[in-house]
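Participant:
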Ligand code: GTP
Ligand code: MG
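In this note's numbering, the protein residues as written are 264 to 466.
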């Protein structure tokens with residue numbers, strides 16, 4: 264395998280490189296993180312892994328342009344994917360995104376769960392809906408996390424979560440309020456991730 268292996272926190276966390284083409288087979292279950300540019304995918308990965316040093320976080324949308332892979336505790340892999348919906352990205356880059364991400368998400372038997380991130384402060388977005396329906400058609404198990412929950416009051420967050428669930432047709436279990444800032448939703452997410460890699464979810 265040509266992939267780099269760079270230890271970030273000993274054997275607990277290993278960076279497996281930035282992939283601009285289909286990543287090689289890894290032999291471990293994979294969890295992918297998708298969502299609009301700047302929604303907080305890289306931050307969520309870092310929070311779940313308990314480090315600020317894994318995925319690169321930025322205020323500039325479109326920061327993550329490749330599939331970045333992280334091996335966790337020698338038992339699963341997180342895939343940090345480039346965001347979608349950033350208007351300033353040229354068409355050629357958008358097309359590239361579609362072939363890279365579409366190819367990865369649709370054809371990967373090791374992919375056990377796709378985590379679709381949405382911003383809890385925004386009304387459900389058409390692009391997220393398209394992504395969710397496309398994943399369903401491709402029979403890829405998915406969950407939704409509504410992130411940046413720290414920016415809303417408890418009541419507003421609950422109302423927004425309910426809206427997200429209803430609009431995307433997601434069960435309560437598979438829709439989690441999350442915050443990379445204060446760690447809300449981290450335990451619930453790990454439970455789902457562990458279930459995905461051990462038992463598996465129906466697609
Ligand atoms: P791309 O790679 O460009 O698609 O972005 P991304 O989805 O990986 O977003 P990233 O994690 O880089 O975060 C974007 C910005 O949102 C950064 O300024 C983060 O600090 C901020 N952010 C991410 N998650 C949270 C959160 O839960 N709460 C708050 N308050 N800010 C967050
Ligand atoms: Mg990112």
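Glycine included, C-beta positions come from ideal geometry on N, C-alpha and C.
Using a Cβ-Cβ cut-off of 7 Å (strictly less than) and excluding sequence neighbours within five positions of residue 328, which residues of its own chain qualify?
Facilitator: Within the same chain, residue 328 has close Cβ partners 345.
Participant: Once the 5 residues before and after residue 285 are set aside, which same chain residues still bring their CB inside 7 Å of it?
Facilitator: Around residue 285: 366 and 367.
Participant: Cβ atoms of residue 403 and residue 374: under 8 Å apart, would you say?
Facilitator: Yes, they are a contact pair.
Participant: Measure the Cβ-Cβ separation of residue 343 and residue 305 and say whether it is below 8 Å.
Facilitator: Result yes, Cβ atoms of residue 343 and residue 305 sit closer than 8 Å.
Participant: Straight-line CA distance for residue 412 to residue 420?
Facilitator: Near 6 Å, if we compare the C-alpha coordinates of residue 420 and residue 412.
Participant: Among 428, 337, 282 and 291, whose alpha-carbon lies nearest the alpha-carbon of residue 362?
Facilitator: The shortest C-alpha separation from residue 362 is found at 282.
Participant: With a threshold of 8 Å on Cβ separation, who are the neighbours of residue 388 within its own chain once the five nearest residues in sequence on each side are excluded?
Facilitator: Result list for residue 388: 299, 348 and 381, in chain order.
Participant: Is any heavy atom of ligand 4 found at a distance shorter than 7 Å from the C-beta of residue 419?
Facilitator: In terms of ligand content, the structure shown lacks ligand 4 and carries ligand 1 and ligand 2 instead.
Participant: Once DSSP output is grouped into helix, strand and coil, what is the label at residue 410?
Facilitator: Residue state, collapsed to three classes: strand.
Participant: Please work out which residues of its chain come closer than 6 Å, Cβ to Cβ, to residue 294, disregarding the five sequence neighbours upstream and downstream, and give them in chain order.
Facilitator: So the qualifying residues of the chain are 341, 376 and 456.
Participant: Roughly how many angstroms separate the alpha carbons of residue 399 and residue 320, rounded to a whole number?
Facilitator: If I take the Cα positions, the gap works out to 29 Å.
Participant: Applying the 10 Å Cβ sphere with the 16-neighbour rule, what's the burial state of residue 309?
Facilitator: That one is buried.
Participant: Does the separation of the CB atoms of residue 441 and residue 409 fall below 8 Å?
Facilitator: Result yes, Cβ atoms of residue 441 and residue 409 sit closer than 8 Å.
Participant: Specify the secondary structure class of residue 375 as computed by DSSP and reduced to three states.
Facilitator: Correct three-state label for residue 375: strand.
Participant: So, are the CB atoms of residue 317 and residue 364 less than 8 Å apart?
Facilitator: Against a cut-off of 8 Å, the Cβ pair of residue 364 and residue 317 comes out as no contact.
Participant: Using a Cβ-Cβ cut-off of 7 Å (strictly less than) and excluding sequence neighbours within five positions of residue 360, which residues of its own chain qualify?
Facilitator: Within the same chain, residue 360 has close Cβ partners 345 and 347.
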